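Per my numbering, residue 204 is the first one in the sequence shown, and the count goes up by one each step.
Think of the CB as a built atom: it goes at the ideal place given N, C-alpha and C, for glycine as much as any other residue.
All values reported here derive from a predicted model rather than from experimental measurement.
What follows is one structure encoded as structure tokens, with my remarks underneath.
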Amino acid sequence: MLPQQDTLWPPKPYDQAYQRYTVWDAWYRGDMGKLAELYAGQTRAAGRTRQGGILSSLVNFFVGRPVAPGEHRTRLHAPLAGNLARLSAELLLATPPSINLVDDNDGRAGKRLDEIVNQPQFRAALLDGAEIGAALGGTAFTIAWDRDIADTPWVQAAGADLVIPEHHAGRLAALTMWTEYPVDNSATVFRHLEQHVPGYILHGLYEGTATNLGRMVPLTVRPETEHLAALTEQEIGGQPAIPTGSRKLTAVYIPNASAKDWRRDGVLKDLGRSDFEGLDGMFDALDETWSSWMRDIRLAKARLMVPEGTLDRTGQFDPDREVYQTLNLPPNMIGDNAINAQQFLIRTQEHADTASAISAQIILAAGYSLSDLDQYASSAQTATEVTDRRSQSERTRDRKGLNWQAGLSALSQALMEVDAAVYPGKGGQSIAPPSVEFTAQATPDPTQVAQQISFLRSAEVLSRETAVRMANPDWTDEQVGAEMDRLAAEAPADPGTFGRYEPDENGAEDDTGNEVP
204 MLPQQDTLWP
214 PKPYDQAYQR
224 YTVWDAWYRG
234 DMGKLAELYA
244 GQTRAAGRTR
254 QGGILSSLVN
264 FFVGRPVAPG
274 EHRTRLHAPL
284 AGNLARLSAE
294 LLLATPPSIN
304 LVDDNDGRAG
314 KRLDEIVNQP
324 QFRAALLDGA
334 EIGAALGGTA
344 FTIAWDRDIA
354 DTPWVQAAGA
364 DLVIPEHHAG
374 RLAALTMWTE
384 YPVDNSATVF
394 RHLEQHVPGY
404 ILHGLYEGTA
414 TNLGRMVPLT
424 VRPETEHLAA
434 LTEQEIGGQP
444 AIPTGSRKLT
454 AVYIPNASAK
464 DWRRDGVLKD
474 LGRSDFEGLD
484 GMFDALDETW
494 SSWMRDIRLA
504 KARLMVPEGT
514 LDRTGQFDPD
524 REVYQTLNLP
534 PNMIGDNAIN
544 AQQFLIRTQE
554 HADTASAISA
564 QIILAAGYSL
574 SDLDQYASSA
584 QTATEVTDRR
594 SQSERTRDRK
604 GLNWQAGLSA
614 LSQALMEVDA
624 AVYPGKGGQS
634 IAPPSVEFTA
644 QATPDPTQVA
654 QQISFLRSAE
664 VLSRETAVRM
674 ANPDWTDEQV
684 GAEMDRLAAE
694 APADPGTFGR
704 YEPDENGAED
714 DTGNEVP
């Protein structure tokens, strides 16, 4: 059921998770202004002021230190957090997983499922969800449809900071997705809640504040939800509902990894874990290092110290000026030359080494290989070391893939049932949970694969067909067979067979009349 009126939002105990989401989202987006507010304790985190607990320990971070009036302080953000989230999504879904029916007698259901899940919009939604899920710890997918604009149902991705998943014994029982519509120049906030339960989607519009859900109002009050009023012909417990035609949930929640900090909390333990968990301090240290490097560059601009009488006295300090008045010092301290040059050293190597070391620790702590983000943690590595370290990313990908296999299988099953109800006769039907398979390796190195094939072929321990399969692991048997035929047709004739005939059962002769041995 939808939440009661005049309740806190987000509801307890989800407000604890939403505090974390606010911080992780700021690192993910690289919002230095938001980070400065959060770490200085000057903002609300998902509707809660900072009063001890999670955010109270953040005030000593570099990004939250106040800048003295009149002082210029360079703050440069290294977008490693966002790149980690994108890397996670690309490792997992750059090559789309194959979703296949276990039992498809006439082939119609499988063809319809392919039509739904092989659309670019479906793949884009998966990539978007995987990226935000790596940042926040989980992602949700909900099923939507509209016969006027599409001839198949589709999925929408939502980050963990826009949903309230309800689990029973580790299984998703209901999911509420919400959207805010603030009112200009007002403290009023409208929220549209869309709750997915087996067989139905409930819709509710609330008029409240930043921290309170407020009272429920008709869906027609907002233009964004007005169209839903005509669709919610049924009611569940007095609340507007749309039947889905499926006995399944039309939503799934896929955790990024198993929770650590919340593993003892019966409500929050299934929300998952962010790739950024525990890395706030190192993210902050990396930004401080880059900012210090830029400060060196700013302070190292060449400047001249000249006699006071040669310059206008403005009382202002312009850091981009190239000539300044000299200090009022005794002649023996100024030197023989009245005009002195000043330029500080830029500590390039020291900053580069520090940034690289911090980045390496972040990448490894998040569960990835340095070779996947070597622009941050560059170092000389042998080919064997690169291969060994890349396997760490593969292991992380495989662990995440287990949650995605379960989630995509359930989502595909619900999609087919919704399709049968909304688009009858096109192949949708109730099906067994489909199998979901990811490629064995997310991003194989083409050069390494080619070298391996060449080595095995030269050693005569690899057939041509196996070589084709190694070079194209996602090909079907038909594609492999077609490639084998092309290779055979393009192969040059063996010069040693010119002028010779294949021996038959009675023996063969060459063109000179001699028997071919």
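In this structure, the alpha-carbon of E668 lies about 26 angstroms from that of S594. Counting along the chain, the unbroken beta strand (DSSP E) around N543 starts and ends at 543-545. Cβ contact annotation for K451 (same chain, cutoff 8 angstroms, sequence separation greater than five): P401, A613, Q616, A617, E620, in chain order.
Of all alpha-carbon atoms in Q682, N321, Q222, S477, the one lying nearest the alpha-carbon of R289 is that of S477. Residue state for H280 is assigned as coil, using DSSP reduced to three classes. CA-CA distance, H554 to R326, rounds to 40 angstroms.
The beta carbons of M380 and A361 sit closer together than 9 angstroms. Distance from the Cα of V320 is smallest, within the candidate group L304, A558, I335, for L304. The beta carbon of S301 lies closer than 7 angstroms to those of E640 in the same chain, with the five residues before and after it left out. According to DSSP, residue pairing for Q398 in a beta bridge involves T379, L405.
For T277, same chain residues with a beta-carbon under 7 angstroms away, outside a window of 5 residues either side, are S494, M497, R498, R501 in chain order. Under the 10 Å beta carbon count, P356 is surrounded by 16 or more other beta carbons and is classified as buried. The alpha helix (DSSP H) runs lying completely inside the segment 265-323 and spanning 4 residues or more are 283-296, 311-320, given in chain order. Distances from the CA of P206 to each of L295, R350, E369 were compared; the closest alpha carbon is that of E369.
Annotation: the continuous beta strand (DSSP E) that includes Y456 extends over 454-458. Cβ contact annotation for V671 (same chain, cutoff 6 angstroms, sequence separation greater than five): V683, E686, in chain order.
When A460, F344, G440, A662 are compared, the shortest CA-CA separation from L329 is found for F344. In this structure L576 touches N286 by the C-beta definition: roughly 6 angstroms separates them, less than 8 angstroms.
It is roughly 56 angstroms from the alpha-carbon of L611 to the alpha-carbon of K504. Shown here for L665: same chain residues with a beta carbon closer than 6 angstroms to its own, the five before and five after excluded, namely L659 in chain order. In its chain, beyond the 5 residues on either side, no residue has a beta carbon closer than 8 angstroms to the beta carbon of L605. Under DSSP, H370 shares a beta bridge with L375. If you ignore the 5 residues before and after V455, its C-beta comes within less than 6 angstroms of the C-beta of F344, G610, A613, L614, all in its own chain and listed in chain order.
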